[in-house]
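Encoded as structure tokens, the structure appears first; notes follow it.
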Amino acid sequence: MVKVVVTGIGLLTALGENKDSCWKHTLKGESGIGHNTPWPADAYPTDLVGAVSDAALSGKLSKRDQRRLDRCHKLALVAADEALSDSGIQLDDAQKAKTGLYLGTSLGGMTSGMEYYRNVLKHGPSRHPRAHFYPFHICLDILCRATGFSGARSLVATACTASTLAAAQAFEAVNSGLADRVLLGGVDPLCEFSFAGFSAMKNVSTARCAPFSDPIGLSLGEGAAFFMLEREEDAIRRGARIYAEMSGYALGADAYHPTAPDPSGRNQKRLLREALGATGLKTEDIGYINAHGTGTQANDICETNAIREVFGDHAAKIAVSSTKGATGHTLGAAGCVELAMTVMAVATGELPPTANFTQAREGCDLDYVPNQGRKAEIKHAISQNFAFGGNNAALVISRPGAENTALPGKDMDDLTPVVTGMGVIAPNAIGADALLAALKSGTSGLTEDHDLALEGQPTRLAGAIRDFNPAKLTRTKIRRADRLGQLAVCAADQALAHAKLRVSKEMAERTGVFIGTDRGPAGSCESFYREIATGGLRDADPKDFPNTVLNACSGLVSVNLRLRGPNIVTTVGMASGAQAIALGAQLIQAGKADAIIVGGCDELTPQVLAGYGATRQLSPDMGEGEAQGLFLHEARANGAVLGEGAGFLVLESKKSARTRKARILAELAAYAIGGAPDFSGASIARTMESCISQAGLQPDMILSGAIGQPGIDQGERQALEQLQATRPQLQVSAPGSLFGMSGATPAFNACAAVLGLSEGFFPAGPERLLPAGNVRMIEGKSPDGQPQSVLVNGLSIGGTAVSLMFCKSDGV
Amino acid sequence: MTMQNANTPLSFETVQEMSAAYDAVRSRIGLTDISDWAKLKVTGYDAREFLDRVLTGNMQQLGENEILHTMALDADGNFLTDIQVLGGFEDFILLTPADRADALAAAIKPDADEEVEVVDLGRDYCLIRVDGPESADLPMAILGGAVAGMRIMAFAEADLGDATVTVGRIGTTGEYGYFFLTDASSRDTLLAAIRAEAPDVVDCTADLHRLLQLETRGFNASADRPGGEHPLEAGLHWMVDFQKPEFVGKDGFFARAKEAPHHMVCIALDETRVVPETKTQILDGDGNDVGYVANAAWSPTLETSICLAYLKRDMAAVGLPVSIAGQSGRVVSAPFFITKSNSAR
Amino acid sequence: MQQTVLALVSERKKLVSTIKDLVIENLELDLEPHQVDEDCPLFGVGLALDSIDALQLVLSVEREFDMTVPTDDVTIFRSINTIADFIERSKD
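Chains as they are written, first to last, in full-length UniProt numbering: chain A, 1 to 812; chain B, 1 to 345; chain C, 1 to 92.
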């Protein structure tokens, strides 16, 4: 097993503009929370927030970036830069291509999104510069351009566990060799959107947040924390300073309620036990826990109880602190901000205190290191976070050289990810059988006959799911869910049924959900924003706010289908669905889940259609010709046509599938993820090659990841031409044009690949009137023969490329 | 107490005897030992699917620590019993009044190929309920914060000394109401804890609940279907998952529902102390036969007689003036009145 | 007399039917009108609606019947029948 170590840290919070100043102020028990909301606070119960000083940003960014970028991106760039220089690492281009970028954020460019929406509310949908900075993946793209790191990447958006989960994935990436090293980070800006949300939920304290003490309530903060993670041997070889080892992690879901933590704490306890189990540690090995400690009533008692119960007699000897009194709750950044605090504690032998602590809250009786840092030799520490949707994550950090118990080896054949079922809610098909029929007949889901467009918009053509009736598709409780949540639950329910997987109580803890989404809960975000924009806090409905986080949909799946395994949402544009499948497979291989529902899910709303129109990404705005359509790999390609829906696979370890005698539809032989610092699509060929070489087999067919954007698609086309030049029998098609573009599209293609393998046919795309380039594609009708292996690509505007290699399984 | 036969209307005299207990539940707190209820524990990998098959409600939506009030039918679709189902992941507890114990046992019979274990908790467990406006915070007072703020139709487990107590909140009397389920050997500990917290608690009998339930139009399987009326005539639609593709007795149940001629309504008589007998004919304002009495009693709160009655479907409407054995009255909306617990909310 | 009773019954049935449609449509219940009993409790037990439904229901009734619904009257939203009672009361 590879040891993963931290060799560089960048930290930017209300406490200070770099790691050293943050750490110095933290140890003194100071709090960065002050009366300085960046927005007028008259309407709110408080103006107390943990804001990063403007000086911390202005000195380190170009004037142009300073003016243009979203605050989220600025925070990220500054902290990332510090982490890189702190690590002292020098990389050539080849090394950069194997360096990953893993980010966690809850809000991303939401501040820009709000500016755009404000403009929409005033003037209706129109071109607006801020619209370009709204999508989540922009943060990844900006960092990619700044660093040139074009290896595997992920952008996790699971609210308050976002960067904790990003850290877990980064650990897996280095551990498994998906990347040689990773620049890992968490970032979230202060934004009125979340401030209004937490205020409406009456979670915000009117005094400085005092975790485990008084008063009850949280203070919001902002910040960014970045790390260089690399293999220990590499770090030693280059003489790097090693702060600490990241030795393991645990993930899980409450599957209890969309927002409230399970009061029984059973899943928080399980999380701690699994974190110990994953690292082979005993309770008495742990010396420090950086608690989630938000200061809210529900969290602090629950967390205290879980720690006390799991650690028993040793609980009294563990230092437990929450650094949120010092930094404020930095939401999606919290995981990495607190990982930085934990790493520093282990590296320096000093414990960060809980700031603003007066007396212990009733029921809170652990050693919370009140107000003053103190010396302590820590061998192993845990940093944990919890999020809406009952999403839980814990990281284990160890002092370099601290002895770990050797964990038993794994049988990689047992852990091979296989597909045992699928759930499909697509514009042209609901259910696996319907998808099979649609693929064989070439039925397109693109239509102008839907009610998802605004009056007066030029673009109507879309892959819209008409007559979506969730109550006919699931017997679970989703009447109240937004469209995204309903799509996710219906498709997940269908996928489990298709896999004939009825989850036992034991299996529930080993069954996860991993969803990729391009737009997330666009409809819920829009209505919540509309509420604040029109009526301020008065109209902000506390029930709507939790639906605005990207993992609300995966949380709903876990609650309704009672799945308690890892619960993750990633967002990297149109490639999201493929990304989720790849990283879900990684969790199976890592033994973190026996089964996992993976794929893409997106909703189409009038504002989404208008927003893509406003940024001129839709056909016919992007190229030659007036004809509107999704012309993949055609000379007349001129932009995307949007789609929606949910496409999920049930990925299972081969062992689990064998044990329950499941029908194996296909095997996921390999996957690769890459990025590019520009929009040229240069990463695509590299990613495909990497996937093919890992799989050790040549695909009989490739399902294109083209998205209708000439610049990106061309990159894939060149790679396809090269492959076909040496292997003329290689079949290529682009069924994506039957679905329309969304984060679910590559997942639909993955379902098509699995059906092609299990049913023995080559899924064809529609006929192309004006082929572009020399790539030969099957159109309209499937040729004779049966594929043995199918490669599925997922591409996105930001330069993310994902390749998945499915092959026929050797059976049970 | 003359309440031996469920078909005997509660008379004024017996209500007087019961009035202390009645007053306790309606204005303070009353305790009823219902340990004779049938109590089954159903566990196993197939438990949820099995219950989904043999009960009419949607078991897929029953979360852990939630309670579902639903019913079971025989293969022909005839009503067997209503059941309170306490939900777990793969473990469920089924509660039903004592006089339907056989019906429950008949309904809960897994097939050989279903991985389900059914255990009769019977006499090994005691079941105590407390009802009344002053019972609101009782569970928290004796069992602690883990059961604080319990929603209606929810339950939780908590420790009481060495005993584990399952406490749940149901609303059959229209007042705050909780049941406590624990090992029979812990009965005294539980009762002592309740009495320590609520020293004025008044003991009630199961008979009283027939009246309390009638006043709020809660369903009483033994009293409300004197002629074996169809559950949908009795207004139990909400116990049925109409979308469920399959459940035991489904076809017969819906086929008969179509032919069912009656619809249950609430009737309040104009000030009278006479309680009409079950099956007494009901005439409308014009003297036409429109239906018959199902379950009647004198309501101390309304100071008149009230009844649940079956009227012909096309005449079953609130506001209809009726006459029962010479007493005038009219069809009213359920519940007959808003309880103290409910008006405080 | 016969005429009056029948008229009364038919008017009430019409009102109940309107309210049923309103509830089913506005709360997006997956039920047919005949699958809802007019005496069935709406909250807690019975249809087991929640507090968001309650807000939605108030809005729907106010819009459909062009009236103001008092927020502190706990008797109104017990069942379809009690809503009908309230509307009849308000008309008088």
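We put the CB at the ideal spot given by N, CA and C, even for glycine.
Following the DSSP letters along the chain, one finds A:Leu75 inside the alpha helix (DSSP H) bounded by residues 71-87.
Using beta-carbon distances, C:Ile52 counts as an interface residue toward chain A, with a partner under 8 Å. Look at C:Asp21: its C-beta is not under 8 Å from any C-beta on chain A. Taking 8 Å as the cut-off, the Cβ atoms of A:Ala196 and A:Leu143 do not count as close. Listed as beta-bridge partners of B:Lys41 by DSSP are B:Ile93, B:Val119.
Proximity of the region 275-284 of chain B to the region 505-524 of chain A falls short of the contact definition, fewer than three beta-carbon pairs being nearer than 8 Å.
Looking at the DSSP output, A:Val369 bridges to nothing.
Chain-ordered, the chain A residues with CB closer than 7 Å to the CB of C:Glu28 read Arg479.
Between A:Met805 and A:Ile684, the C-beta gap is not smaller than 8 Å, which leaves the two residues out of contact.
C:Lys91 is classed as exposed because its beta carbon has fewer than 16 other beta carbons within 10 Å across all chains shown. Taking 8 Å as the CB threshold, C:Arg89 stays off the interface with chain B.
By the CB criterion at 8 Å, B:Val85 and B:Phe79 fall outside the cutoff. Shown here, B:Ile29 sits in coil according to DSSP, grouped into three states, outside any helix or strand. Here DSSP, grouped into helix, strand and coil, assigns B:Arg129 to strand. The region 115-134 of chain A makes no contact with the region 176-191 of chain A, as fewer than three CB pairs between them are under 8 Å. Residue pairing by DSSP places A:Lys375 opposite A:Glu350 in a beta bridge. For A:His380, the secondary structure class from DSSP, reduced to helix, strand or coil, is strand. Here DSSP, grouped into helix, strand and coil, assigns A:Tyr256 to coil.
B:Thr166: member of the beta strand (DSSP E) spanning 163-169, first to last residue.
Comparing alpha-carbon positions, the option among A:Glu644, A:Gly295, A:Gly760, A:Ile89 lying closest to A:Ser782 turns out to be A:Gly760.
At a cut-off of 8 Å between C-beta atoms, B:Pro335 counts as an interface residue with respect to chain C. According to DSSP, A:Asp621 shares a beta bridge with no other residue. Using a Cβ-Cβ distance cut-off of 8 Å, the region 458-470 of chain A and the region 521-534 of chain A are not in contact, since fewer than three pairs of beta carbons, one from each stretch, lie closer than that value.
Within the region 69-89 of chain B, the residues whose Cβ lies closer than 9 Å to some Cβ of chain A are Gly88, Phe89, listed in chain order. With respect to the 8 Å criterion, A:Gly643 and A:Ala462 are classified as neighbours on the basis of their beta carbons.
For the region 461-490 of chain A, residues whose beta-carbon sits nearer than 9 Å to a beta-carbon of chain C comprise Asn469, Pro470, Ala471, Lys472, Arg479, Arg480. Around the C-beta of B:Pro245, fewer than 16 other C-beta atoms lie within 10 Å, and the residue is accordingly described as exposed. The Cβ-Cβ distance between A:Gln709 and A:Met622 falls below 8 Å.
The region 44-59 of chain A makes contact with the region 222-240 of chain A; the number of CB pairs closer than 8 Å reaches 3 or more. Scanning chain A for C-beta atoms nearer than 9 Å to the C-beta of B:Ala146 yields Pro263, Ser264, reported in chain order. Measuring C-alpha to C-alpha distances from B:Val165 to each of B:Asp113, B:Ala260, B:Pro276, B:Tyr125 identifies B:Tyr125 as the nearest. Counting only Cβ-Cβ distances below 8 Å, B:Arg217 has contacts in chain C at Asp39, in chain order.
Using a 10 angstroms sphere on the CB of A:Thr534, the tally of other CB atoms stays under 16, which defines it as exposed. A:Val5: member of the beta strand (DSSP E) spanning 4-13, first to last residue.
Non-local beta-carbon contacts of A:Asp262 in its own chain, meaning distances under 6 Å to residues more than five positions away in sequence, involve Asp254, Tyr256 in chain order.
Sequence-distant partners of A:Ala210 (beyond 5 residues in either direction) whose C-beta falls short of 7 Å from its own C-beta, in its chain, are Gly295, Gly325, Asn356, Phe357, Thr358.
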